[in-house]
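Peer 1: Residue numbers (the working numbering): 1075 to 1393.
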Amino acid sequence: MSTKLKVLITGGAGFLGSHLCDRFLKEGYDVVAMDNLITGSVKNIQHLFGNDSFTFVKHDVTNYNHVEGRLDYILHFASPASPIDYLKLPIQTLKVGALGTHKILGLAKDKGARVLIASTSEVYGDPLEHPQQESYWGNVNPIGYRGVYDEAKRFQEAITMAYHRYHGLETRIVRIFNTYGPRMRLDDGRVLPAFMGQALRGESLTVFGEGDQTRSFCYVDDLVEGIYRLLHSDYAEPVNIGNPSELTILQFAKEVLELTGSKSEIIYKELPEDDPKIRRPDISKAKELLGWEPQVDRKEGLKRTLEYFKEEIYGVQQV
Ligand code: UDP
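(1) Between I1148, I1387, T1077 and V1081, which has its C-alpha nearest A1268's C-alpha?
(2) At a threshold of 8 angstroms, does P1355 count as lining the ligand UDP (C-beta to nearest heavy atom)?
(3) Across the segment 1188-1197 and the segment 1249-1262, are there enough close Cβ pairs to call them in contact, namely three or more that are closer than 8 angstroms?
(4) Do you know whose CA, among Y1210, L1304 and D1200, lies nearest E1244's CA?
(5) T1129 and E1174 - do their beta-carbons sit closer together than 9 angstroms?
(6) Which two residues bound the contiguous alpha helix (DSSP H) that contains T1334?
(7) Quickly, what does DSSP pair I1148 with across the bridge? List them, please.
(8) Any idea which residues DSSP pairs N1317 with across the strands?
(9) Keeping to the same chain, check which residues put their C-beta closer than 6 angstroms to that of K1080; ignore five residues upstream and five downstream.
(10) Can you tell me the Cα-Cα spacing of K1100 and I1315, whole angstroms?
(11) Reducing DSSP to helix, strand and coil, say where K1340 ends up.
(12) So is Q1156 buried or exposed if we call it buried at 16+ other beta carbons inside 10 Å?
(13) Closer than 8 angstroms: is that where the CB of L1111 sits relative to any heavy atom of the ligand ATP?
(14) Below 8 angstroms, is the gap between the Cβ of E1362 and the nearest heavy atom of the ligand UDP?
(15) Looking at S1193 and the ligand UDP, is the gap between the Cβ and the nearest heavy atom below 8 angstroms?
(16) For N1139, count neighbouring C-beta atoms within 10 Å of its own C-beta (all shown protein chains included) and say buried if the count is 16 or more, exposed if not.
(17) In terms of residue numbering, what span does the alpha helix (DSSP H) encompassing M1270 cover?
(18) Taking 8 angstroms as the cut-off, does the segment 1280-1298 touch the segment 1367-1381 (at least 3 CB pairs, one atom from each stretch)?
(19) Mark D1159 as exposed unless 16 or more other C-beta atoms lie within 10 angstroms of its C-beta, in which case mark it buried.
(20) Give me the Cα-Cα distance between L1380 and G1389, rounded to the nearest whole angstrom.
(21) Rounded to whole angstroms, what's the CA-CA distance from T1084 to S1153? Just pull it up for me.
(22) In the DSSP assignment, find the unbroken beta strand (DSSP E) run with I1357 in it and report its ends.
(23) Which residue marks the beginning of the beta strand (DSSP E) containing L1279, and which one marks its end?
(24) Do V1141 and K1185 have their C-beta atoms closer together than 9 angstroms?
(25) Might you give, ordered along the chain, the residues of its own chain that have their beta carbon closer than 6 angstroms to the beta carbon of L1376, omitting 5 neighbours on each side?
(26) Restricting to runs no shorter than 3 residues, where is the beta strand (DSSP E) found entirely within the segment 1172-1237?
(27) Go ahead and pull the three-state DSSP assignment for T1288.
(28) Can E1367 be considered in contact with the ligand UDP, in the sense that its beta carbon sits closer than 8 angstroms to one or more heavy atoms?
(29) Kindly examine the ligand UDP and report whether one of its heavy atoms sits closer than 8 angstroms to the Cβ of P1256.
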């Protein structure tokens, strides 16, 4: 029997999940990736299929979960995560955040595993405090279209803390702010792949509203490092992981045009309901508890991501 530590990563074929699989394999773990492939893709993990330490299970985490043998850690990352995905899949989004999390916590209790839950800056909703500290309770519309994701994630945090307090389960909660990098889906509707895809194809960049809403983008490798450190810390309450470098969506559109050298125009479209007007993480807690802060600046991160999207669109690596 293997003496290696074993980790289950739900959503393992997704953007973040697949990067986590890579990291834990690199650290010498046995990795089980679970995904029902409704928004994830085998393409993200196919490079791991020859690796003896890696197993893929196609399964919907909202159903009973079985993992053979020992299990030391669970990272629960399964969920539609972009606004157009969760608007298209509202029931699945609620189910995976609520029922899926319940099943995962039950599995962790059974196996004596430590669980890290992927939460989100969406728990702050359209925030009335800025930047967002973990102590802020948020401003969420429970019955809006976006509420299916926000409330699922808020419930997820609540049930995780209840398992921690009532069952003494070892739990960790990461609140993830906008993250980007290779393996994002070009068609997931998020602003970064949308603008990059539009710029590369010579289409107009679609800025929603007047583009004065802000976001703060974190490169995926930085996020993965923060998650790795949080999992191995002894802190059970939520921790923000994100890059505090904030800019407006219009500024971001201009950055993408400059980076790609595209002559595309910027056009304006209606702002979606409940779209947060401002967002920037306060990362004091991550700095203090985990000694973590982002290392990859946006210029570098966007360059790396652009290479990936060029390959997706043109089929070859461009130089
Ligand atoms: N957005 C935009 N054009 C697009 C897609 C998104 O202007 O084609 C805006 C969206 O309204 C939001 C911001 O970009 O204000 C970030 O949107 P995204 O879907 O990436 O993620 P969110 O941070 O809203 O979850």
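Even glycine gets a Cβ: it sits at the ideal position worked out from N, Cα and C.
Note that this is a predicted model, so its numbers are computed, not measured.
Peer 2: On the basis of the data shown:
(1) I1387
(2) no
(3) yes
(4) L1304
(5) The question names Glu, but residue 1174 in the sequence shown is Gly. For G1174 and T1129, no; Cβs fall outside 9 angstroms.
(6) I1323 to T1334
(7) L1082 and V1189
(8) DSSP, once it has assigned bridges, lists no residue as partnering N1317.
(9) D1104, R1144, L1145 and D1146
(10) 21 angstroms
(11) The question names Lys, yet the displayed sequence has Ile at residue 1340. In the structure shown, I1340 sits in a strand (DSSP, three-state: E or B).
(12) The sequence given here places Ser at residue 1156; Gln does not occur at that position. Result: buried.
(13) This structure lacks the ligand ATP; the ligands present are the ligand UDP.
(14) no
(15) no
(16) buried
(17) V1265 to R1275
(18) yes
(19) buried
(20) 13 angstroms
(21) 9 angstroms
(22) Element bounds for I1357: n/a, residue is neither H nor E.
(23) L1279 to F1282
(24) yes
(25) L1333
(26) 1188-1194
(27) strand
(28) no
(29) no
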